[in-house]
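Here the protein sequences line up with chains C and V, keeping their order. Residue 118, in the working numbering, is where the first sequence stops; the numbers in between run on with no holes. Residue 123, in the working numbering, is where the second sequence stops; the numbers in between run on with no holes. The beta carbon of each residue, even a glycine, is placed where N, CA and C say it ideally should be. A short worksheet on the structure shown next.
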Amino acid sequence: KAGVTQTPRYLIKTRGQQVTLSCSPISGHRSVSWYQQTPGQGLQFLFEYFSETQRNKGNFPGRFSGRQFSNSRSEMNVSTLELGDSALYLCASSPAGRVDYGYTFGSGTRLTVV
Amino acid sequence: DQQVKQNSPSLSVQEGRISILNCDYTNSMFDYFLWYKKYPAEGPTFLISISSIKDKNEDGRFTVFLNKSAKHLSLHIVPSQPGDSAVYFCAASEGGGTSYGKLTFGQGTILTVHP
């Protein structure tokens with residue numbers, strides 16, 4: 005059974021640019037969550053999508069957005085990149101977004117903003 | 009406001025001995041707790057979880073204890089093995105079926121198991 009696939013693994017962008025990251029969940033999973041990991045703030049929840057609808061959102065500015073497609077694949081977009089957006093971005097796949105059903109994380113996309 | 013705290017940034021133990029990782033939380037609404045292990049350049053891997061209706065859960069070498077009155081949980085690894093060396097994250101969720109993907113993580117504890 006394939007795991008959670010995130011692409012690309014590494015990305016270098018310039019301040020002011022925008023970036024799109026992709027996450028393909030485990031087959032059959034309909035919930036995808038996104039997290040940002042930085043040395044200072046740790047792992048922080050960005051948002052969750054289920055059946056193409058955003059159901060939950062963390063405390064991040066509007067520059068961070070996402071979407072989910074009918075095949076459950078999800079993308080997150082960061083516009084007007086800032087140096088502080090440099091982080092490891094992780095997505096987590098779940099059958100239904102319930103914690104007791106478990107969340108499986110991908111290996112992440114390492115974004116560096118220069 | 010850090011709702012989940014892991015006050016020990018690092019822990020070093022000898023192979024074969026017990027590793028005890030601690031976690032404190034402040035949000036009374038948390039009702040489900042999880043431990044994840046993370047290696048560099050990889051995503052977190054689920055280890056074990058516990059619901060707030062229990063005070064202990066075991067899975068092989070891993071046991072998680074929950075003390076709700078103290079808002080404290082701990083992960084015991086017995087016996088510790090060098091392959092257990094990684095960063096361990098404590099995470100919490102509220103709302104059970106309405107958690108909708110949101111976990112609140114601690115800052116992590118780096119465990120090093122020496123042969």
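Item                                                                                                                                                                                               : Value
Kindly list the residues whose CB is nearer than 6 Å to the CB of residue 14 of chain C, restricted to its own chain and excluding five residues on each side of it in sequence; keep chain order. : 114
Take residue 63 of chain C as the anchor and find which of V:110, V:120, V:123 has the nearest alpha-carbon.                                                                                       : V:110
Give the single residue among V:84, V:52, V:57, V:62 whose Cα lies nearest to the Cα of residue 69 of chain V.                                                                                     : V:84
Going by beta carbon distance, what residues of the same chain come within less than 6 Å of residue 69 of chain C, once the five residues before and after it are set aside?                       : 81
Under 8 Å by Cβ, that's how I've got residue 88 of chain V and residue 23 of chain V pegged, so tell me the actual separation to the nearest angstrom.                                             : 6 Å
DSSP on residue 68 of chain V, reduced to helix/strand/coil?                                                                                                                                       : coil
What's the call for residue 3 of chain V, buried or exposed, on a 16-neighbour Cβ count within 10 Å?                                                                                               : The question about residue 3 of chain V has no answer here: the residues shown for chain V are numbered 9 through 123.
Would you mind giving the Cβ-Cβ distance between residue 35 of chain C and residue 100 of chain C, rounded to the nearest angstrom? I have them listed as a contact below 8 Å.                     : 6 Å
Checking 8 Å against the spacing of the C-beta atoms, do residue 94 of chain C and residue 41 of chain C come in under that value?                                                                 : yes
Any idea what DSSP makes of residue 63 of chain V, helix, strand or coil?                                                                                                                          : coil
Helix, strand or coil for residue 81 of chain V? Go by DSSP, reduced to three states.                                                                                                              : strand
Under 9 Å between beta-carbons, which chain C residues line up against residue 18 of chain V? List them in chain order, please.                                                                    : Simply none; closest approach about 15 Å.
Got a sec: is the Cβ-Cβ distance from residue 66 of chain V to anything in chain C below 8 Å?                                                                                                      : no
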